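Just below is one structure, and these are the notes that go with it.
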Amino acid sequence: MTSNNPFYELSPDIKSLLNVETFRENVSTTDFVEKISTGVIEQMKEIGGNTAAFDPKPFIRTFEGVIEELHQLKIRLQEQCNELESSTRTAEKEYRQNVGDLHGAFADVYRSYDSLEGRIGEVGKTAIRIGEQLETIDKERSKASESRDIIEYFMEFQDGSSERLDSLVQGGEEGQLKAAIVARRLNAVAKEVDNDARARIAIEKFCESFEKEILEEFNKAYAEREPHHMAHCAKVLSEFNGGASCVQIYVNQHEFFMSNMAMEDAEQVRESEDNANLSDPNLPPPEVDTSLVKLYDDIRITVRKEAKIISDVFPQPATVMQVLLQRIFAQSIQNHIELLLSRSEKCSDLAYLRTLASTHAETKRLIENLKFYCDKELLLKDAADINGLVTTASPDETLDRCMDDLFVPYIEGDRYLKKEEESLRKLFGNIVSQFLNAMQQRKIISARNQSVLTRTLNQISSTSGIIMSPSASSPLLSDTANAQSSADQFGRDRKNSNVVFVDENGFCLLASDAILRILNIHAEAIIRCVELEDAQESLDSLKKMFSMLIDFIGQKYLDIAMDEMLEILNNKKDQPDLSSFSVIKSSVDTMQLVQKHFELAILPLVTSAPSIHRDILATKNTFMAKLERKINDLLQKSIEGIMHWLGEILTRQKKNDFRPKDEEVALMSIGTQPCMQSIEFVTKVFRSASSALQGKNFEAFLRHIGNGFHSMLLEHFKKFYVTPAGGLLVTKDVAKYQELIKMFKIPALDERFEMLRQLGNIFVVKPEILKSILSEGYLARLDPSLLYPYLERRTDFKSAKLDRLLGISMDDTIEHAEAATGSQRKNDPKAKTQRRSLFVNDNEVLRDIMRNYSSNRDFFSAFNLS
1 MTSNNPFYEL SPDIKSLLNV ETFRENVSTT DFVEKISTGV IEQMKEIGGN
51 TAAFDPKPFI RTFEGVIEEL HQLKIRLQEQ CNELESSTRT AEKEYRQNVG
101 DLHGAFADVY RSYDSLEGRI GEVGKTAIRI GEQLETIDKE RSKASESRDI
151 IEYFMEFQDG SSERLDSLVQ GGEEGQLKAA IVARRLNAVA KEVDNDARAR
201 IAIEKFCESF EKEILEEFNK AYAEREPHHM AHCAKVLSEF NGGASCVQIY
251 VNQHEFFMSN MAMEDAEQVR ESEDNANLSD PNLPPPEVDT SLVKLYDDIR
301 ITVRKEAKII SDVFPQPATV MQVLLQRIFA QSIQNHIELL LSRSEKCSDL
351 AYLRTLASTH AETKRLIENL KFYCDKELLL KDAADINGLV TTASPDETLD
401 RCMDDLFVPY IEGDRYLKKE EESLRKLFGN IVSQFLNAMQ QRKIISARNQ
451 SVLTRTLNQI SSTSGIIMSP SASSPLLSDT ANAQSSADQF GRDRKNSNVV
501 FVDENGFCLL ASDAILRILN IHAEAIIRCV ELEDAQESLD SLKKMFSMLI
551 DFIGQKYLDI AMDEMLEILN NKKDQPDLSS FSVIKSSVDT MQLVQKHFEL
601 AILPLVTSAP SIHRDILATK NTFMAKLERK INDLLQKSIE GIMHWLGEIL
651 TRQKKNDFRP KDEEVALMSI GTQPCMQSIE FVTKVFRSAS SALQGKNFEA
701 FLRHIGNGFH SMLLEHFKKF YVTPAGGLLV TKDVAKYQEL IKMFKIPALD
751 ERFEMLRQLG NIFVVKPEIL KSILSEGYLA RLDPSLLYPY LERRTDFKSA
801 KLDRLLGISM DDTIEHAEAA TGSQRKNDPK AKTQRRSLFV NDNEVLRDIM
851 RNYSSNRDFF SAFNLS
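Start counting the sequence shown at 1; every next residue gets the next number (the working numbering).
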């Protein structure tokens, strides 16, 4: 490297980059190198021009110089850092030393302040003791001065003179106030000094005269509406004897009590029109009695007006307001409520309970209004006791106590709940007894159920005073005249009541309106319970009232109705009673109404009480589960009865119905008689069931009926010989059956009856085309041997040699079946021959039906397969 060559000296531009300022912020290495390289390239251009070959040495030498400069810069910076670190350590050491010195100084200051505070405290205690001593001395001096004055006044009364005190009384408001204080003290001294009767008598006489004079002034100011002078008189009397006489005069002469003196004779003056609807459970509870509303409005106006006057006039306004409120409640409100309750109790328990609840609610609203008017900040100027009036309670406490005193006699303990339960028994019993009476008037009721109904009616009538129907306490009607008489009586009862309805088959049930009426009565009772009882008591009462509701709706109505219907279905051998669907509908509707009632009226009140919630929920669920089991039993018995009756109808098919003469075909063009009767009966069943069942339940019921009827028809058509003309009747009957089943709107049943229609065609077609018919549709999927029982019913079976034509033989079928099951019979003597079903396994719909009926003996018996 030739250091003397100026070309290798770093240019000023490059040197300007090699300083600390360049590296203070984030520096890009690429930009830094590029700046240095740019300067080298410019120098090369000045020396060699653009055509010179590239020479790397200038770059190498330049960067070596840059690196050397950067190294020197690093050394200088490191030296500076070392110097700064040394200076920092020295400064930190000095700072710590200063902090330590200051800490010691502050500790000395704190100790000085503690010592000064202790000295100040001792001085303060001394000053307090001195102040207390001075205050005691001042009080003693004042007492001594007052005692001297009292002694002087007393000695004057001993001498028979009261001029000084009389002049004090005549000295204006301030003199009267001072005279009241002196007279009170003189009276107290006279009672303690027994050896001077003359002075005592004179003092008592003066006190009576003084009190009478001030009361007269108060009365005059009260009459002239002068609150300022009333306040002065009240203050004077308060200082004299507590002001009890002044308060009594103010309350006794209040215009409110003077104008309401006639309320005690209200029963003779007014028979309230509000009582007319109180006893009718079908009508909503009337509003609060208008006379009570008017009384409470007057009380609100009076208290709102008097609150300000009492606060301005009396030194202890809270006490005066308490006396006024107690007088209002004891004299006006209590008497009026007793009058309303005694009058309503003569009407009915419901009228009494409605009056009690409405009165309680209206009184509670009154209490809240009065609390607002009696503002504590306005009235509680002085909570001290007043001589003659024992009270330290606020107006709010007084009002709450008055409220309790009013209604405790009616709701204390279980008095209210017993009354409510008695009312519910009467109201529920009145509704349910009409159903029980109607049930007893049915001649078909068994003696066992008659006793159950009679016993239930007796229980209801013993608690509710209901008069049973004549048949309720007499033996079953045994002759036609008595039966007709009961029917006529029941018809007259129906016209006068919408509680009981009779379905088209003559079965008696409670109308939906009657159930709603029961639930409305129960909901109203719940509202009263919440209004009149506290939270815990109301929860226990809700539990008892809900159990009573379940007892009447469940045991005294639905259980009896369903048990009666089950008895009818078990004993009936002819056409089944479709009233079972009316019973099911009534049961389902009632369950839904009870559930909705539980959700709306019960659940919101018991969610905060887990134990009560659990018990009520268990009661409801037990009720629901029991009803569901009985509904299932009713449905099962109904299905059995329906299928039995369909079988009875099909047995009415005459032997020659399908071998008619030519003229008979025209007469039977609409279908055979058993066919029309079956369709009419199934249609009636469908309509009855559709009104009682819904959704999947309705579909499952129709499946049972449709599948069972299909199996019956398969067995039915194997019993009759069919001529070609009779085949037309078969197809007409099958077409009507198929049209009937389409009403069910169940695709699986439509498939079954479509197969039945195709099966019916084998009775119509000519022998020569029978083979082609059997090779189409559902019939093509069947083993021909399974069709043998139907083909054999054709009258031309032998003449047309259909077995040879189709290549089937019953003997061959039996031998084939016995060979297939021979080994099974050897192993199991009870084993039965297993044959193929009419439906083949490659059809999804048919496989589904096979699964549903694989254990149904009636289904297999239709094909002689079991």
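Heads up, the beta-carbon is just placed ideally off N, CA and C, and yes, glycines get one too. All figures in this text were calculated on a predicted structure; none of them were measured in a lab.
Any idea if isoleucine 411 is buried or exposed, counting beta-carbon neighbours within 10 angstroms, 16 or more meaning buried?
With 16 or more other Cβ atoms inside 10 Å of its own Cβ, isoleucine 411 counts as buried.
Near lysine 696, what residues of its chain come up, given a Cβ to Cβ distance below 7 Å and the 5 sequence neighbours on each side ignored?
The same chain holds no residue with a CB closer than 7 Å to that of lysine 696 once the five nearest residues on each side in sequence are set aside.
If I measure Cβ to Cβ from phenylalanine 797 and keep anything under 8 Å in the same chain, skipping five residues before and after, which residues do I get?
Only Leu791, Asp803 meet the Cβ criterion.
Roughly how many angstroms lie between the CA atoms of asparagine 482 and phenylalanine 435, to the nearest whole one?
Low confidence applies here, because asparagine 482 scores a pLDDT of 40, under 50, leaving its location unreliable; read the following figure in that light. Roughly 20 Å separates the two Cα atoms.
For threonine 794, which three-state DSSP category applies?
Note that residue 794 corresponds to arginine in the displayed sequence, not to threonine. Of the three classes helix, strand and coil, the one that applies to arginine 794 here is strand, per DSSP.
Please return the same chain residues whose Cβ sits closer than 6 Å to the Cβ of phenylalanine 552, not counting the five positions on each side in sequence.
Correct list, in chain order: Phe428, Val432.
Could you check what DSSP says for cysteine 529 in three-state terms: helix, strand or coil?
Here cysteine 529 sits in helix by DSSP.
Can you tell me whether proline 674 is buried or exposed? The criterion is at least 16 other CB atoms within 10 Å of its CB, across all chains shown.
Under this definition proline 674 is a buried residue.
Close-in-space but distant-in-sequence residues of the same chain around asparagine 219 (CB under 7 Å, 5 per side omitted)
Same-chain partners within the cutoff: Ile249.
Nearest-angstrom Cα separation, counted from alanine 307 out to serine 608:
Cα to Cα, serine 608 sits roughly 40 Å from alanine 307.
I need the DSSP call for cysteine 402, collapsed to helix, strand or coil.
Three-state DSSP puts cysteine 402 in a helix.
Just to confirm, is the Cβ distance from glycine 726 to phenylalanine 658 under 8 Å?
In contact: glycine 726 and phenylalanine 658 (Cβ atoms closer than 8 Å).
Going by beta carbon distance, what residues of the same chain come within less than 6 Å of isoleucine 741, once the five residues before and after it are set aside?
Within the same chain, Cβ atoms closer than 6 Å to the Cβ of isoleucine 741 are found at Gly706, Leu749, Phe753, the five residues on either side in sequence being excluded.
Taking leucine 510 as part of the beta strand (DSSP E), name the residues at either end of that continuous run.
The continuous beta strand (DSSP E) containing leucine 510 extends over residues 508 to 510.
Indicate the three-state DSSP secondary structure (helix, strand or coil) for phenylalanine 501 in the structure shown.
Collapsing the DSSP output to three states places phenylalanine 501 in a strand.
With leucine 399 and leucine 370 assumed to form a contact (beta carbons below 8 Å), what rounded beta-carbon distance in angstroms separates them?
About 6 Å; that satisfies the 8 Å criterion.
Cα-Cα separation between isoleucine 203 and histidine 228, rounded to whole angstroms
Each residue's alpha carbon lies about 29 Å from the other.
Alpha carbon of leucine 417 to alpha carbon of lysine 745, nearest angstrom
Taking the straight line from one Cα to the other gives about 54 Å.
Counting only runs that start and end within the region 299 to 358, where is the alpha helix (DSSP H) found for 4 or more residues in a row?
Taking only runs of at least 4 residues, the alpha helix (DSSP H) segments lying wholly in the region 299 to 358 are 317 to 327, 334 to 347.
Apart from the five residues just before and just after threonine 731, which ones in its own chain have a Cβ nearer than 8 Å to its Cβ?
The answer, listed in chain order, is Arg757, Gly760, Asn761, Phe763, Val764.
Distance between serine 238 and lysine 381 (C-alpha atoms, nearest Å):
Per-residue confidence for lysine 381 stands at a pLDDT of 49, beneath the threshold of 50, marking its modelled position as unreliable; the derived number appears in the next sentence. Cα to Cα, lysine 381 sits roughly 14 Å from serine 238.
Taking only three categories from DSSP, how would you classify valine 722?
Valine 722 falls in the strand class under three-state DSSP.
Given a cut-off of 8 Å on the beta-carbon distance, is the pair threonine 355 and serine 344 in contact?
At a Cβ-Cβ threshold of 8 Å, threonine 355 and serine 344 count as neighbours.
Given this structure, state the Cα-to-Cα distance separating cysteine 233 from threonine 302, to the nearest angstrom.
Using only the alpha carbons, I get a separation of about 23 Å.
So is alanine 330 buried or exposed if we call it buried at 16+ other beta carbons inside 10 Å?
Counting of Cβ neighbours within 10 angstroms places alanine 330 among the exposed residues, the total staying below 16.
Rounded to whole angstroms, how far is the Cβ of cysteine 508 from the Cβ of valine 500, which I believe are closer than 8 Å?
In this structure cysteine 508 touches valine 500 by the C-beta definition: roughly 6 Å separates them, less than 8 Å.
Contact check, glycine 524 vs proline 285, beta carbons under 8 Å:
Looking at the sequence itself, residue 524 is glutamate, so the reference to glycine does not match. Yes, these two residues count as a Cβ contact at 8 Å.
With a threshold of 8 Å on Cβ separation, who are the neighbours of proline 576 within its own chain once the five nearest residues in sequence on each side are excluded?
Apart from sequence neighbours up to five positions away, the residues of its chain that approach proline 576 with a beta-carbon distance below 8 Å are Leu569, Ser638, Gly641, Ile642, His644, Trp645, ordered along the chain.
So the candidates are Leu70, Lys57, Glu34; which of them puts its Cα closest to the Cα of valine 20?
Closest by alpha carbon: Leu70.
Taking the continuous alpha helix (DSSP H) assigned at cysteine 233, which residues delimit it?
Unbroken alpha helix (DSSP H) run through cysteine 233: 227 to 241.
Through-space distance from serine 580 to serine 512, alpha-carbon basis
C-alpha of serine 512 to C-alpha of serine 580: approximately 16 Å in a straight line.
If you draw a straight line from the C-alpha of glutamate 216 to the C-alpha of alanine 223, how long is it?
For glutamate 216 and alanine 223, the distance between alpha carbons rounds to 10 Å.
Return the residue from the list Ala351, Val251, Thr290, Thr590 that minimises the CA-CA distance to leucine 283.
For leucine 283, the nearest C-alpha among the options comes from Ala351.
Can you grab the Cα-Cα spacing for the pair aspartate 633 / phenylalanine 701, in whole Å?
Straight-line Cα distance between these residues: approximately 13 Å.
Please state the DSSP three-state secondary structure of isoleucine 445.
Residue placement at isoleucine 445 is flagged as unreliable, the pLDDT there being 46, under the threshold of 50; a coordinate-derived value is accordingly withheld.
Could you please give the first and the last residue of the uninterrupted alpha helix (DSSP H) stretch that includes glutamine 440?
From DSSP, the alpha helix (DSSP H) with glutamine 440 extends over 415 to 440.
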